[in-house]
Amino acid sequence: MDFLDVFLFQENVFIFGFLVAVFHDVSVLTHFIISLNRFISVWCPIFYKTMFNLKYTKLFIFAVWLISFLIGSLFHIVLCRIRFNADLILFTIILAPSYCFEIGRYGDLFRNSCIVIIMMILDVFTLIKVKLISNEIKKSVSEQAVQQFTSRDRRFLAQAVTQGSLFLLATMVFFPTRFSVNSWVTFLGGNSCGRWTHHDSLQPGNKKTYM
């Protein structure tokens with residue numbers, strides 16, 4: 031927004047940062063629900079149709095958006111503000127008052143990191159159960175049915191592993207990119223691969239207030 035040198039954008043850049051924060055949280059929580067959906071479907075199939083029927087699915091979606099909006103409003107509108115740092119080419123939290131530093135670190139980065147780790151754990155246990163079910167089915171069905179199930183098994187494995195790995199990578203990519211002297215590496219690592227406000231919160235020595 032600052033690149034365009036538009037006063038309206040510059041004055042309201044915190045709104046764009048807030049929207050980025052909300053949409054990112056929606057994405058993380060939605061994928062968490064997807065991981066939980068898969069976990070329940072294989073470990074507790076009796077409760078699956080009750081927990082993930084149309085009514086509760088809509089409630090889950092509404093809750094994801096509501097929680098993301100409330101957290102984003104509290105952290106990035108009421109308590110702290112996000113600005114675009116043209117030198118670093120990324121969004122950063124304005125570190126004033128001082129507790130905004132802690133919000134960036136614990137309220138955003140560590141919270142989302144914990145959610146992603148839980149997602150990975152759920153997916154691992156889901157894959158274990160799918161493998162056990164696959165082995166049981168192989169003992170009692172035809173070879174053609176086994177091949178069809180194995181094909182679905184592989185697709186499920188690829189989806190779960192790819193999803194979890196990408197989210198974990200997006201969360202952890204901030205550590206190497208913060209040491210880069212190339213602003214475009216910082217931009218791609220900090221803006222395109224994950225939470226845009228984490229970069230500043232990972233620099234304890236940098237408590238400068240960007241005004």
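Take the sequence shown: its letter number 11 is residue 41 in my numbering, and every next letter is one higher.
Just so it is clear, CB atoms sit at the ideal spot from N, CA and C, and this is done for glycine as well.
For clarity, every value in this text was computed on a predicted model and none was experimentally measured.
* To do: Give the single residue among Leu196, Leu157, Arg185 and Glu166 whose Cα lies nearest to the Cα of Trp73.
  => For the purposes of this step, residue 73 is taken as residue 43 along the sequence shown, with counting starting at 1. Among Leu196, Leu157, Arg185 and Glu166, the Cα nearest to that of Trp73 is on Leu157.
So, under 8 Å CB-CB, Gly102 and Ala51 are touching, yes? Tell me the CB distance rounded to an integer number of Å. Start at 1 with the first residue of the sequence shown, and residue 102 comes out as number 72. Start at 1 with the first residue of the sequence shown, and residue 51 comes out as number 21. That pair is a contact at about 5 Å.
| task | Please name the residue, chosen from Ile91, Asn67, Ser65 and Ser71, that lies closest to Phe53 on a Cα-to-Cα basis. | result | Mapped onto the sequence shown, residue 53 falls at position 23. Answer by Cα proximity: Ile91.
Opening and closing residue of the alpha helix (DSSP H) in which Leu139 lies
Here residue 139 is taken as the residue at index 109 of the sequence shown, counted from 1. That residue, Leu139, is in no alpha helix (DSSP H); it is neither H nor E in DSSP.
How many angstroms separate the CA atom of Asn142 from the CA atom of Phe46? Here residue 142 is taken as the residue at index 112 of the sequence shown, counted from 1. Here residue 46 is taken as the residue at index 16 of the sequence shown, counted from 1. Near 20 Å, if we compare the C-alpha coordinates of Phe46 and Asn142.
What residue from Lys159, Glu166, Ser65 and Val94 has the CA that sits closest to Gln189's CA?
By one-based count along the sequence shown, residue 189 stands at place 159. Here the closest residue by C-alpha is Ser65.
Shortest alpha-carbon distance to Cys110 belongs to which of Val94, Glu132 and Ser98? As a first step, residue 110 must be located in the sequence shown, where it is residue number 80. The shortest Cα separation from Cys110 among Val94, Glu132 and Ser98 belongs to Glu132.
- Message: Relative to the C-alpha of Ile70, which candidate in Ser195, Met149, Phe44 and Leu199 has its C-alpha closest?
- Response: Position 40 of the sequence shown, counting from 1, holds the residue named residue 70. Comparing Cα-Cα distances from Ile70 to each of Ser195, Met149, Phe44 and Leu199, the minimum goes to Met149.
- Task: State buried or exposed for Cys130, treating a residue as buried only when at least 16 other CB atoms are found within 10 Å of its CB.
- Result: For the purposes of this step, residue 130 is taken as the residue at position 100 of the sequence shown. Answer is buried; the Cβ neighbour count reaches 16.
Have a look at Ser98, Glu166, Val191 and Lys161 and flag the residue whose alpha-carbon is nearest the alpha-carbon of Gly137.
-> Locating residue 137 in the sequence shown gives position 107, where the first residue counts as 1. Of the candidates Ser98, Glu166, Val191 and Lys161, the one whose C-alpha sits nearest the C-alpha of Gly137 is Ser98.
Checking 8 Å against the spacing of the C-beta atoms, do Phe48 and Ile145 come in under that value? Translated into the one-based positions of the sequence shown, residue 48 becomes position 18. Translated into the one-based positions of the sequence shown, residue 145 becomes position 115. Not closer than 8 Å, so no.
- Tell whether a beta-carbon distance below 8 Å holds between Phe114 and Val191. Here residue 114 refers to the residue found at position 84 of the sequence shown. Here residue 191 refers to the residue found at position 161 of the sequence shown. No. Outside cutoff.
Item to check | Rounded C-alpha distance that separates Ile112 from Ile63 | outcome: Translated into the one-based positions of the sequence shown, residue 112 becomes position 82. Translated into the one-based positions of the sequence shown, residue 63 becomes position 33. Rounded to whole angstroms, Ile112 to Ile63 spans 28 Å at the Cα level.
* Asked: Which residues mark the beginning and the end of the alpha helix (DSSP H) in which Ser128 is found?
  -> The sequence position of residue 128 within the sequence shown is 98, counting from 1. Per DSSP, Ser128 belongs to no alpha helix (DSSP H) and is neither H nor E.
Check your understanding: Would you call Leu152 buried or exposed, if buried means 16 or more other Cβ atoms sit within 10 Å of its Cβ?
Key -> Here residue 152 refers to the residue found at position 122 of the sequence shown. By the neighbour-count rule (16 or more Cβ atoms within 10 Å), Leu152 is buried.
Exercise. State buried or exposed for Leu162, treating a residue as buried only when at least 16 other CB atoms are found within 10 Å of its CB.
Key: One-based indexing of the sequence shown puts residue 162 at position 132. With fewer than 16 other Cβ atoms within 10 Å, it is exposed.
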